[in-house]
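2 protein chains.
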Amino acid sequence: MENNHIEVIAGMLKTMSHPIRLKILCLLQNKEMTVGDIREEVKTTNANVSQHLSILRNQKIIGFRKEANFIYNRIDDVRVLELMQTMGKLYCQNAGE
Amino acid sequence: MENNHIEVIAGMLKTMSHPIRLKILCLLQNKEMTVGDIREEVKTTNANVSQHLSILRNQKIIGFRKEANFIYNRIDDVRVLELMQTMGKLYCQNAGE
DNA sequence: TATCTATTTAGCTTTTTACTTTAATAGCCG
DNA sequence: CGGCTATTAAAGTAAAAAGCTAAATAGATA
Numbered sequence: 001m002e003n004n005h006i007e008v009i010a011g012m013l014k015t016m017s018h019p020i021r022l023k024i025l026c027l028l029q030n031k032e033m034t035v036g037d038i039r040e041e042v043k044t045t046n047a048n049v050s051q052h053l054s055i056l057r058n059q060k061i062i063g064f065r066k067e068a069n070f071i072y073n074r075i076d077d078v079r080v081l082e083l084m085q086t087m088g089k090l091y092c093q094n095a096g097e
Numbered sequence: 001m002e003n004n005h006i007e008v009i010a011g012m013l014k015t016m017s018h019p020i021r022l023k024i025l026c027l028l029q030n031k032e033m034t035v036g037d038i039r040e041e042v043k044t045t046n047a048n049v050s051q052h053l054s055i056l057r058n059q060k061i062i063g064f065r066k067e068a069n070f071i072y073n074r075i076d077d078v079r080v081l082e083l084m085q086t087m088g089k090l091y092c093q094n095a096g097e
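Protein chains in written order, with the numbering used here: chain A, 1 to 97; chain B, 1 to 97.
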């Protein structure tokens with residue numbers, strides 16, 4: 001792992017390392033969701049969700065699709081998707097804990 | 001992924017998401033190293049390396065072994081080790097980028 | 001014991017981050 | 001058009017983290 005890789009990966013990890021953002025990524029693993037949908041699950045304000053979504057968007061982790069006056073968010077970065085799966089396996093399905 | 005998992009994983013990601021700490025974890029993937037060894041590679045001060053090592057230790061990601069007046073650090077958390085490998089594969093060896 | 005090296009601790013300053021509130025934008029539908 | 005909804009943007013405050021410096025500890029060796 002070279003130095004510029006380190007920087008890139010550290011940036012991505014930092015973006016993912018906030019509980020709300022991580023939960024959003026979890027929710028988006030299987031489906032698209034609007035800000036309102038996400039707010040329901042995460043139990044915070046629309047503004048807060050929107051802020052976190054735009055941080056995820058800046059990192060190119062998620063993308064969106066507009067329809068009427070809803071915006072449907074989805075995970076765009078396949079590597080992040082794979083990483084989420086690995087973490088799920090390591091932290092949620094194994095014996096220890 | 002349930003909520004307490006989210007918190008645990010987010011904490012771990014946050015710990016890993018600092019460039020110096022990520023680099024330290026990289027270096028420790030294959031071998032043990034002392035603070036001095038690490039300082040050479042990371043190009044900072046001993047105090048700074050030591051600070052980051054203790055953050056990694058608090059998260060139980062790394063452990064150490066004392067010998068004479070050197071402390072040899074190593075990765076203790078197997079899950080983190082596996083995560084590092086996955087990230088290496090996704091971000092360093094594949095085509096896109 | 002005195003001194004060197006490796007390591008840790010503590011205090012301090014600066015920067016970053018999170019969250020809230022409030023206001024603005026933009027598309028739908030009566 | 002006018003009001004409704006969903007969403008975003010901006011600004012402010014409070015809390016956390018980063019990195020530096022200097023000092024303290026602890027073991028090894030002369």
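In this text, a Cβ means the ideal position worked out from N, Cα and C, and glycines have one as well.
Fair warning: this is a prediction, and the values are worked out from it, not measured in the lab.
- For T86 (chain A), the residues of chain B that pass the 8 Å Cβ criterion are E82, L83 and T86, in the order they occur in the chain.
- Per DSSP, E41 (chain B) lies in no beta strand (DSSP E); the unbroken alpha helix (DSSP H) holding it starts and ends at V35 to V42.
- The count of Cβ pairs closer than 8 Å, one atom from the stretch 48-58 of chain B and one from the stretch 39-53 of chain A, stays below three, leaving the stretches out of contact.
- S17 (chain A) has its alpha-carbon roughly 8 Å from the corresponding atom of M12 (chain B).
- N3 (chain A): member of the alpha helix (DSSP H) spanning N3 to M16, first to last residue.
- Distance from the Cα of L81 (chain A) is smallest, within the candidate group A:T45, A:E2, A:G63 and A:I6, for A:G63.
- Look at the stretch 5-24 of chain B: the residues with a C-beta under 7 Å from a C-beta of chain A are H5, I6, E7, V8, I9, A10, L13, K14, M16, S17, H18, P19, L22 and K23.
- Taking a Cβ-Cβ cut-off of 8 Å, the neighbours of L90 (chain A) in chain B comprise R79, E82 and L83, given in sequence order.
- Excluding its 5 nearest sequence neighbours in each direction, T15 (chain B) has C-beta neighbours in its own chain below 7 Å: R21, I55, L56, Q59 and I61, listed in chain order.
- Among the residues facing chain A, E2 (chain B) is included, as its CB has a counterpart in that chain under 9 Å away.
- K31 (chain A) is not bridged by DSSP to any residue.
- When C-alpha distances from A10 (chain A) are compared across B:V8, B:K23 and B:M1, the shortest belongs to B:K23.
- Under the three-state reduction of DSSP output, N69 (chain B) falls in the coil class, being neither helix nor strand.
- By the neighbour-count criterion, in which a residue is buried when 16 or more other Cβ atoms sit within 10 angstroms of its Cβ, V35 (chain A) is buried.
- Here the C-alpha atom of E40 (chain A) lies approximately 30 Å from the C-alpha atom of L83 (chain B).
- Y91 (chain A) places its beta carbon 9 Å or farther from that of M87 (chain B).
- Contact between M33 (chain A) and L27 (chain A) holds: CB atoms are separated by about 6 Å, below the 8 Å threshold.
- Looking only at B:D37, B:N69 and B:Q93, the smallest Cα-Cα distance to R79 (chain A) is reached by B:Q93.
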